[in-house]
Amino acid sequence: MFSRTPSTATDITPPPDEQALRKAAARSPDSAHAHAALASFLCDAGRVEEALAHADRQIQSWPSRIWPLSIKAAILSGERRAADAIDVHRILVDTAPGIPLLWANYGSDLAALGDVDEAALAFRNAIGLAPDFGPAWLGLALLPVAAASEADIAAMENGLARARDPYHKVQILFALGRGYGARGAYDRSFEKYAEANALRSTLVRHDGAGLAAFVDAHRNLEPYFSETAQAHPPASAGAIFIVGMPRSGSTLVEQILAGHPEVEAMGELLALREVATAAGAFASPDAFVRRLQTLGQAEAMQLGADYLARMGRYRRTDRPRFTDKMPANWRFVALIRRILPDARIIDVRRDPLGCCFSAYTTYFNRHTDFPNTLGELGRYYRQYLRMMDMVGSPAVGKIYRLDYARLVSDTAPEISALLDFLRLPFAAACLAPEKMRRAIYTPSAQQVRAPVRRAESRLQGYMPWLGPLQAALDAEE
Numbered sequence: 109m110f111s112r113t114p115s116t117a118t119d120i121t122p123p124p125d126e127q128a129l130r131k132a133a134a135r136s137p138d139s140a141h142a143h144a145a146l147a148s149f150l151c152d153a154g155r156v157e158e159a160l161a162h163a164d165r166q167i168q169s170w171p172s173r174i175w176p177l178s179i180k181a182a183i184l185s186g187e188r189r190a191a192d193a194i195d196v197h198r199i200l201v202d203t204a205p206g207i208p209l210l211w212a213n214y215g216s217d218l219a220a221l222g223d224v225d226e227a228a229l230a231f232r233n234a235i236g237l238a239p240d241f242g243p244a245w246l247g248l249a250l251l252p253v254a255a256a257s258e259a260d261i262a263a264m265e266n267g268l269a270r271a272r273d274p275y276h277k278v279q280i281l282f283a284l285g286r287g288y289g290a291r292g293a294y295d296r297s298f299e300k301y302a303e304a305n306a307l308r309s310t311l312v313r314h315d316g317a318g319l320a321a322f323v324d325a326h327r328n329l330e331p332y333f334s335e336t337a338q339a340h341p342p343a344s345a346g347a348i349f350i351v352g353m354p355r356s357g358s359t360l361v362e363q364i365l366a367g368h369p370e371v372e373a374m375g376e377l378l379a380l381r382e383v384a385t386a387a388g389a390f391a392s393p394d395a396f397v398r399r400l401q402t403l404g405q406a407e408a409m410q411l412g413a414d415y416l417a418r419m420g421r422y423r424r425t426d427r428p429r430f431t432d433k434m435p436a437n438w439r440f441v442a443l444i445r446r447i448l449p450d451a452r453i454i455d456v457r458r459d460p461l462g463c464c465f466s467a468y469t470t471y472f473n474r475h476t477d478f479p480n481t482l483g484e485l486g487r488y489y490r491q492y493l494r495m496m497d498m499v500g501s502p503a504v505g506k507i508y509r510l511d512y513a514r515l516v517s518d519t520a521p522e523i524s525a526l527l528d529f530l531r532l533p534f535a536a537a538c539l540a541p542e543k544m545r546r547a548i549y550t551p552s553a554q555q556v557r558a559p560v561r562r563a564e565s566r567l568q569g570y571m572p573w574l575g576p577l578q579a580a581l582d583a584e585e
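Read in order, the letters of the sequence shown correspond to residues 109 to 585 in our numbering.
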C-alpha cells in the first residue's frame, strides 16, 4: 500500500521530473506505484489538492481496486488530516478486511484522534491477521488500555520469533518492553528495550560525531543577534517554536497552547529542517554558521518567508499564532533567531535521567537520526545543552525555559507565566488541555488527553541498568 514518508537530510536522489511521472502513470494506468509516485511528488511540492484530485480520478476509474483509496488515505494522513482520512480507512477495511496494513493505518489515525477503543480493535484486527505485524503491536502498546496480558506477551514473543522485517522486529521489541515494564518485570523489560535499540542501530545510524561538529560550529556565533527595527516577514511574530529533548513534555505544552483561541497547534513538522537543509546546514556546518553571520536582511526575510509558506500548507484556521513542536529544532535556534526574529521559542526541560531513559524506550522511525545507546543519549543531551547555552539564552527575551516538573506540580501559575511570555491573554481553556479534541501524532498523544498531573515514574525500577546514561550525563566536555 502507498505510504508517505518525510525526506531526509542525507537524501541525494535527484528530484523526480513531473512530466516523467505523469507519463509513467499514463503508460501504466493500473500501476499503484506510478500513481503513488506522482501523488507523492505533488504533495512534496505543496500541491496537495491536486494530489487528492488525482487520487479521486483514479478511484472513479478503478472502482474495484483498493490502491486508489489507499493513496488518498495516505495523502490525508500525511497531511495531518486524520479526521478526513477516517472515512476512507473505513471503506478500505470494509472492502479488503484481510489486509493487516489497512487495519494498522486505520488504527493509527483513530489513535491520533483519541478514539482509543476503536483504535485498539483496529490494531487487534491487524494482529489477528498477522501476529508478527510490528506497527500494530506498537500502536496497541501506546494506547491507555489495560496492561498487556500474559496472552499478549506470549503472542508478541511468538510474533517476534516469526517476524522477518527488521523494523517490525524493532517495534515488537519496544512493545514487549512496555508490556513487561507495566507488569513490573523490569529486567525483562530492559532486556527488550536494549534489544530494540541494538537492532535499530544496525538500521538507522546515529551520527554523534556529526552532531557534535554541528554544535561546535556555533561556538563563535554571536550569542545575541541584533534586535533592530529591520523589516521581518509579516507573520514571523506568529510562530511559536517548542524545542527540547523528546519526551520532555513538549506535547503537553503544545496541547495547553492548543486551547488558546489565538493559537493553532501544528504538531511536529519538517518545515524548519527543510529550510535549514536548503541553507546548507548539513552540507558544511562551519559554512552554515558563517552564512548566518553574514546573512543579508533580504535573504533572511526570504528564508523566513519560505519557512512560513511551508508551514502554511498545513494550516487549517486563521488564528494569528501557531506552534511548531519539533523537539529537534533546538539545533536551529540560531537560524530561527536570524530569519524569524519576532518568533517565540519555548525550551522545555525535564529531569535529564528520566527524560533520556524515556526517549530510550521510545520507537523512532527509520527517518530519524537518534541515539540508540544510553551513552549516546547522554552525549546527545549534553550537545543540546551546549547549543542552547551558546545561542538560546533566555536573556534575549524571545526564549522561555519551561520546567516540566513545575508545570505538572504548579500548573496554573506556570501556564499563566507562559502565556505572559507569549504575549497572549489568559484563556481558561489552557488549564484543561485534556478537553482539547484534535489529532495528535506523537507517542505522548494519549497521555496529554488526561488531566495534568505528576505521573508515577517507573524510573526507579530501571536504575540498575542506567549507569552508562548517568556517566554520560555527568561527563565533562
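Ideal Cβ positions, reconstructed from N, Cα and C, are used throughout, including at glycine.
Predicted, not measured: the structure shown is a model, and the values here were computed from it.
Among the options, nearest to residue i - alpha-carbon criterion
i	options	result
residue 75	434, 377, 576, 242	Given a span of 109 to 585 for the chain in the structure shown, any question on residue 75 remains unanswerable.
residue 259	216, 580, 578, 287	287
residue 566	321, 469, 192	469
residue 433	355, 131, 291, 328	355
residue 586	489, 509, 408	It is not possible to answer for residue 586, since the shown part of the chain is limited to 109 through 585.
residue 315	554, 138, 476, 580	476
residue 198	222, 226, 188	226
residue 181	205, 155, 210, 173	210
residue 279	255, 250, 291	250
residue 382	208, 416, 402	416
residue 54	177, 541, 465	As displayed, the chain neither begins before 109 nor continues past 585, which places residue 54 out of reach and without an answer.
residue 389	375, 129, 442	442
residue 276	294, 245, 255	245
residue 385	519, 439, 428, 405	439
residue 436	193, 319, 397	319
residue 272	307, 298, 175, 574	307
residue 568	298, 488, 126, 164	298
residue 545	367, 405, 485, 396	367
Alpha helix (DSSP H) segment containing residue i, residue limits
i	result
residue 364	358 to 366
residue 68	Nothing can be reported for residue 68: it is not among the residues displayed for the chain, which extend from 109 to 585.
residue 480	It is not in any alpha helix (DSSP H) - residue 480 carries neither H nor E in the DSSP assignment.
residue 276	274 to 290
residue 397	393 to 402
residue 257	No alpha helix (DSSP H) contains residue 257, which DSSP labels as neither H nor E.
residue 183	175 to 186
residue 73	Limits of the chain in this structure are 109 at one end and 585 at the other, which puts residue 73 out of reach.
residue 140	140 to 152
residue 311	294 to 311
residue 406	405 to 420
residue 226	224 to 237
residue 170	Careful: residue 170 lies outside any alpha helix (DSSP H) and carries neither H nor E.
residue 126	126 to 135
residue 469	Run containing residue 469: none; DSSP gives neither H nor E here.
residue 206	Segment: none, residue 206 is in no alpha helix (DSSP H) and carries neither H nor E.
residue 243	242 to 249
residue 587	The question about residue 587 has no answer, for the chain in this structure spans 109 to 585.
Continuous beta strand (DSSP E) stretch holding residue i: start and end
i	result
residue 372	371 to 373
residue 510	507 to 511
Buried or exposed (CB count within 10 angstroms, at least 16 for buried), residue i
i	result
residue 281	buried
residue 160	buried
residue 506	buried
residue 171	exposed
residue 262	exposed
residue 583	exposed
residue 120	Low local confidence applies: a pLDDT of 38 at residue 120 is under 50, so the model's placement there is unreliable, and no value is given.
residue 496	buried
residue 169	exposed
residue 473	exposed
residue 426	exposed
residue 337	With a pLDDT of 43 at residue 337, under the threshold of 50, the modelled position of this residue cannot be trusted, and the question is left open.
residue 551	buried
residue 372	buried
residue 118	Because residue 118 sits at a pLDDT of 37, beneath the cut-off of 50, its placement in the model cannot be relied upon, and the following sentence gives the value as read from the coordinates. Exposed: under 16 other Cβ atoms inside 10 Å.
residue 522	buried
residue 143	buried
residue 335	Below a pLDDT of 50, predicted positions are generally treated as unreliable, and residue 335, at 48, falls in that range; the measurement from the model is reported next regardless. Residue 335 is exposed by the Cβ-count criterion.
Those residues which DSSP pairs with residue i across a bridge
i	result
residue 429	371
residue 349	432, 453
residue 218	None, per the DSSP bridge assignment.
Heavy atom of the ligand HEM within 8 Å of residue i beta-carbon
i	result
residue 251	Because no ligand of any kind appears in the structure shown, any question about the ligand HEM cannot be addressed here.
Residue-chain proximity (residue i, chain C), Cβ-Cβ < 9 Å
i	result
residue 239	Although the question refers to chain C, the structure presented lacks it and comprises just one protein chain.
Output the residue ranges of the alpha helix (DSSP H) runs that lie fully inside the segment 488 to 571 and measure 4 residues or longer, sorted by chain position.
-> 512 to 517, 519 to 529, 567 to 570
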